[in-house]
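Shown next, in structure tokens, is the structure this report addresses.
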Amino acid sequence: MPSPPSTLLVGDVGGTKTVLALASVGPQGVELHRESVARLESPAFPHLRELVAHYLATQSGPRPQGACFGVPGPVLGGYCRTTNLPWELEPAELAASLGLEKVLLINDVAALAWALARPPLPSHRVLRPGSPIAHAPKLVVAVGTGLGAAVVAEGPKGPMVLPTEAGHCDFSPKTPEDWELAIWLRPQVGNVSDEHVVSGPGLARLYRYLAGESPDPRFVQAQDPAAWVVHHADRDPTCARAVRLGVRYLGSALGDLALVTLPLSGVFLAGSVASGLAPWLGSPQFSQAFQEKGAHQELLARVPVYLLEDPLAPLLGCAYAWLFGETASTAERP
């Protein structure tokens, strides 16, 4: 008789919000308890342990034996210093403080990638068809508070997920306007990376750059400036220009990453900003920026681009990583 499933706490930790749920994990696979899903504001808590303790206090039923969290930052030796939150996360300390047997930390985009490593794929739609090749690598790119990427590839013992910090690659200006933007950004952010222009804060920066000394007061007061820009792109010329720039920079960054990873099974986009920009991602401007890479334009023309539509995919990915084994870095703690 197969062993009964165990209860696992899974979490998608973000710079803005953290999504938590309980899942059953066992030999028969994974079942996410969707009625247990909760969304909490990350900055409202001093640390992940307080956020999780608050969540667990609201849950009835079996207490989880372990937890797997997708976290915003590189995981080295099991430890993470989060990129967009002032949190230092250590599995043993989290397990002890929360009364869990074990805690596993994986990169947040790697968690999303694990959801693609096991069929069936989460719900998604085609943004750009291409000519996908079965069993080739997949590239997962999350565009939200930050910009993150991970690769899913077939290994000798099954799928492998390779986390990256590709969002921090240098921004590559191509036009005089791009260079002027980079010069404007440098005193504010230091080294200008793709994440500084391809993300929620990045889209807001593009609007501020274009608006100059006269930003719309509603933009200044908006709780989510990037969402405000996208919402007004069909009626405000400055918002429209910011979106067009954001779409071009996203296409260019994805093309660069595709050259490195050759994701001939497809590029899978996720995140609130990617969803907001989706109506523009079928445009010739996006495809041109994606493919305009010199000798390999025809190769990149084969690569399809999809938008992941299941917001709980990272939670499923955490459960699969726990069940099948996350190939995390074995580097020493910094």
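With positions in the sequence shown counted from 1, the corresponding number in the numbering used here is that position plus 8.
Every residue gets a Cβ at the ideal spot worked out from N, C-alpha and C, and that includes glycine.
Sixteen is the threshold: when 16 or more other Cβ atoms of the shown chains lie within 10 Å of the Cβ of Gln299, as they do, the residue is buried. Residue burial annotation: Pro209 is buried, with at least 16 other C-beta atoms found within 10 angstroms of its C-beta. In the three-state DSSP reduction, Phe77 falls in the strand class (E or B). CA-CA distance, Gln305 to Ala52, rounds to 46 Å. In the displayed model, Ser260 falls within a helix according to three-state DSSP.
Val251 and Leu258 have their C-alpha atoms some 10 Å from each other.
Where Cys177 is concerned, there is no enclosing alpha helix (DSSP H), because DSSP gives it neither an H nor an E.
If you check the CB distance, Leu120 and Ala321 come in under 9 Å.
Two segments are said to touch when three or more pairs of C-beta atoms, one from each, lie closer than 8 Å; by this definition the stretch 195-203 touches the stretch 172-185. At the C-beta level, Tyr217 and Val275 stay beyond 9 Å of one another.
Taking one beta carbon from each stretch, the stretch 289-298 and the stretch 89-100 have fewer than 3 pairs nearer than 8 Å; the two do not touch. In this structure the stretch 102-114 does not touch the stretch 146-159; the number of beta carbon pairs closer than 8 Å is below three.
Ile191 sits in a helix when the DSSP states are folded into three classes.
Counting C-beta pairs with one atom in each stretch, the stretch 155-173 and the stretch 131-142 have fewer than three that are closer than 8 Å, which means they do not touch. Residue state for Ala142 is assigned as coil, using DSSP reduced to three classes.
For Glu101, the uninterrupted alpha helix (DSSP H) segment begins and ends at 99-106. In this structure, Glu101 lies near Arg57, with their beta-carbon atoms less than 9 Å apart. The Cβ-Cβ distance between Gly156 and Ala142 does not fall below 9 Å. In this structure, Leu324 sits away from Ala158, with a CB-CB distance that is not shorter than 9 Å. The beta carbon of Arg249 lies closer than 6 Å to those of Leu218 in the same chain, with the five residues before and after it left out. Taking C-beta separations shorter than 7 Å and ignoring five residues to either side along the sequence, Gly69 has no partners in its chain. Per the Cβ contact rule, the stretch 231-241 is not in contact with the stretch 261-272 (fewer than 3 Cβ pairs under 8 Å). In the displayed model, Pro54 falls within coil according to three-state DSSP, outside both helix and strand. Scanning Trp330, Cys326, Leu262 for the CA closest to the CA of Pro312 turns up Leu262. Between Gly254 and Gly152, the C-beta spacing is not below 9 Å. In the DSSP assignment, Glu39 forms a beta bridge with Ser32. Straight through space, the alpha carbons of Val238 and Leu285 are spaced by roughly 7 Å. Judged by DSSP in its simplified three-state form, Glu317 adopts coil rather than helix or strand. Separation of Asp242 and Arg194 (C-alpha to C-alpha, rounded to the nearest whole angstrom) is 30 Å.
Here the C-alpha atom of His41 lies approximately 19 Å from the C-alpha atom of Phe332. Inclusion of Ser131 and Asp318 in the CB contact set at 9 Å is warranted, their separation being smaller than that value.
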